[in-house]
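These notes concern the structure reproduced below.
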Amino acid sequence: MTERTLASQTLEKVGQEVTLAGWASSSRDHGGLIFIDLRDHTGLVQLTINPEQSEAFRSAETVRDEFVLQVTGKVIARDESLVNPNIPTGTVEVVVEKLIILNKSDALPFPIMHQGEINEELRLKYRFLDLRRDKMQRRLKRLDEFNTAMRAYMHSRDFVEVTTPILASSSPEGARDYLVPSRLHPGHFYALPQAPQQFKQLLMVGGLPKYFQIAPCFRDEDPRADRHPGEFYQLDLEMSFVQNGEQVLQEIEPLIKSLAKDLAGKNLLSEDVPRIPYAEAMEKYGSDKPDLRFGMELVDLTKELSSTEFTVFASAIKSGGAVKAICAPGGAKLSRSQIDELTEFAKQSGAGGLAYITLAEEGIKSPILKFLSESEQQISVEKTGAKTGVIIFFGADDRKVVNKVLGNLRSRIADDFELKDPNTVALAWIVDFPLYEYDEKNKKVDFSHNPFSWPIGGMEAFDNT
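This note's numbering applies: residue 181 is where the sequence shown begins, and numbers increase by one.
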């Protein structure tokens, strides 16, 4: 059996005969010579077919993009003037002696080597072609590297990997279950696990000291920006005889830092990872996953504006709500149409509107200035730390709504003003999540955290809360 050489290995095979197999990425007929770029999962290598190899040449004349080929030939070094610096194997080529077309291809719906964006519906329709693209190949390899690194780290910390069942009984997790009907028990259903909570608890009670798995989680919920509906994977772990949550954070923190730096190639904003209580995160950033790569914290002005005669602010405060603000650097340059666009964005998050003050070179400007006293204007500027050239956006409503609106606006403005450094990761642990919250839509108290967690304060907290 002929041993197949990979494209990337041809650099080591100069002067040797090799057999390659892969896809034809491109074919160029120069009359006396035919050049084919052959692609496999390791890269590209150029094939050269001479007319002297008559059978191979006749076959090469019929080759089109994505034909599957197997070739045998000699690896030679290219002349210095013919080196292709755009590919790793650009210093060599394979002079083909034998060429076999293993499979032909119809005309493609999109070019495999195209580096730009391709219509997503078209990509998914021809997923097998999409997976051949270099971008997708790199993603699959990177995912494998992440999974391998996580497993190696967990094993080094004496965790045991256990694969838990997919078909299980339902357990409350905060989303709807996907149900699978039982053939043997008509009218009964299995539930796909939203997370392996009941199984890892079983393992701990069963005496396993440290467990982990890269677990599939199935949740029938609406799409989110950071979660695919239906199925996603998480590194799931459990430890026995843990005295406090900090032990778990310290156990896993080195892995997260390593994944960010060594595999993702990112810079850490700080080696010290802050512990931020949930309530503080919501008050300061309007999010339980705050982006700390930039400032623009939410500033509470409820107390300072408690005597305001501006109806919008006054009614919010009177009803027990809040008035808060964020200060956007460079925002004074925003046009009226851009502010209107941000106002519509805020409304989509639940705001009734979006009040603002602009600190221009010629002074403070705003449609709401006539409703605010000079002292109220001054305190708003001082407490937000606003300087000339910025814009202050206000939110006035129920505190939960204000935090959500300004939190979303904060992230949107950071995108618009390019405040998020794509090469930097700002890690943070958000702790002390609430166990319950009131569901306004369904008018009931519901879990906001998985119900398997031990409440802070123990069982006494239930009696005293």
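Built from N, CA and C at the ideal position, the CB exists for glycine as well.
Bear in mind the structure is a predicted one, so any value in this text is a computation, not a measurement.
In the DSSP assignment, what are the bridge partners of residue i?
i, result
"Arg356", "Asp400"
"Gly543", "Ala540"
"Val276", "Gly253"
"Phe369", "Pro361"
"Ala348", "Ala371"
Taking only three categories from DSSP, how would you classify residue i?
i, result
"Phe339", "coil"
"Pro677", "Examination of residue 677 is not possible in this model, given that the chain is present from 181 through 645 alone."
"Pro434", "helix"
"Ser206", "strand"
"Arg184", "strand"
"Asp480", "strand"
"Asn283", "strand"
"Thr328", "helix"
"Ala215", "The residue you asked about is not Ala; residue 215 is Phe in the sequence shown. Strand at Phe215."
"Leu485", "coil"
"Leu382", "helix"
"Lys469", "coil"
"Glu297", "coil"
"Tyr391", "strand"
"Leu200", "strand"
"Leu311", "coil"
"Ala641", "helix"
"Leu304", "helix"
"Leu364", "coil"
"Leu288", "coil"
"Thr269", "coil"
"Thr190", "helix"
"Lys567", "coil"
Considering only the beta carbon of each residue, do residue i and residue j sit closer than 9 Å?
i, j, result
"Phe421", "Thr491", "no"
"Ala502", "Gly569", "no"
"Ile610", "Pro470", "yes"
"Leu439", "Thr604", "no"
"Leu549", "Ile506", "no"
"Glu541", "Glu484", "no"
"Ala375", "Glu353", "yes"
"Pro373", "Ala348", "yes"
"Phe392", "Lys504", "no"
"Glu431", "Lys380", "no"
"Lys600", "Ala594", "yes"
"Ala508", "Met462", "no"
"Val275", "Ile256", "yes"
"Arg303", "Asp310", "yes"
"Arg592", "Leu522", "yes"
"Trp203", "Ile298", "no"
"Lys464", "Val453", "no"
"Ala576", "Leu539", "no"
"Phe326", "Leu443", "yes"
"Ile497", "Tyr536", "no"
"Glu277", "Lys254", "yes"
"Val272", "Thr328", "no"
"Leu279", "Gln233", "yes"
"Ser450", "Ala606", "yes"
Ignore the nearest five residues each way along the sequence and tell me which others in residue i's own chain have a CB closer than 8 Å to its CB.
i, result
"Gly410", "Tyr358, Phe398, Arg399 and Asp400"
"Ile281", "Ser239, Thr242, Val243, Phe247, Val248 and Leu249"
"Glu301", "none"
"Thr185", "Lys193, Val198, Thr199 and Leu200"
"Tyr458", "Asp468, Ile610, Val611, Asp612, Phe613 and Pro614"
"Ala187", "Leu200, Gly202, Leu218, Arg219, Asp220, Thr222, Gly223, Leu224, Val225 and Thr269"
"Val561", "Ile537, Leu539, Ile544 and Ile572"
"Gln196", "Lys254 and Val255"
Starting from the C-beta of residue i, find all residues in its chain whose C-beta is less than 7 Å away, skip the five residues before and the five after it, and write them out in chain order.
i, result
"Asp578", "Gly501"
"Met330", "Ile394, Leu415 and Leu435"
"Phe412", "Cys397"
"Ala526", "Leu534, Val585 and Leu589"
"Ile267", "Gly223 and Leu224"
"Ile519", "Tyr536"
Using a Cβ-Cβ cut-off of 6 Å (strictly less than) and excluding sequence neighbours within five positions of residue i, which residues of its own chain qualify?
i, result
"Ser633", "none"
"Ser206", "Asp217"
"Ile214", "Ile229 and Ala240"
"Gly638", "none"
"Asp626", "Asp619"
"Asn583", "Met462 and Gly466"
"Pro361", "Phe369"
"His629", "Phe613 and Leu615"
Could one say the Cβ of residue i lies closer than 9 Å to chain C's Cβ atoms, at least one of them?
i, result
"Lys321", "The question asks about chain C, but that chain is absent: this structure has only one protein chain."
At 3 residues or longer, what runs of the beta strand (DSSP E) sit wholly inside the region 217-265? Complete beta strand (DSSP E) runs here, min 3: 223-229 and 248-257.
With a floor of 3 residues, list each beta strand (DSSP E) that falls wholly inside the region 407-462, ordered by position along the chain. Counting whole runs of 3 or more residues, the region 407-462 contains the beta strand (DSSP E) stretches 410-419 and 455-457.
Starting from the N-terminal side, write out each stretch of the alpha helix (DSSP H) that is 4 residues or longer and does not extend beyond the region 570-638. Note on the region 570-638: whole alpha helix (DSSP H) runs with a minimum of 4 residues are 579-596, in chain order.
Output the residue ranges of the alpha helix (DSSP H) runs that lie fully inside the region 488-563 and measure 4 residues or longer, sorted by chain position. Taking only runs of at least 4 residues, the alpha helix (DSSP H) segments lying wholly in the region 488-563 are 491-498 and 516-528.
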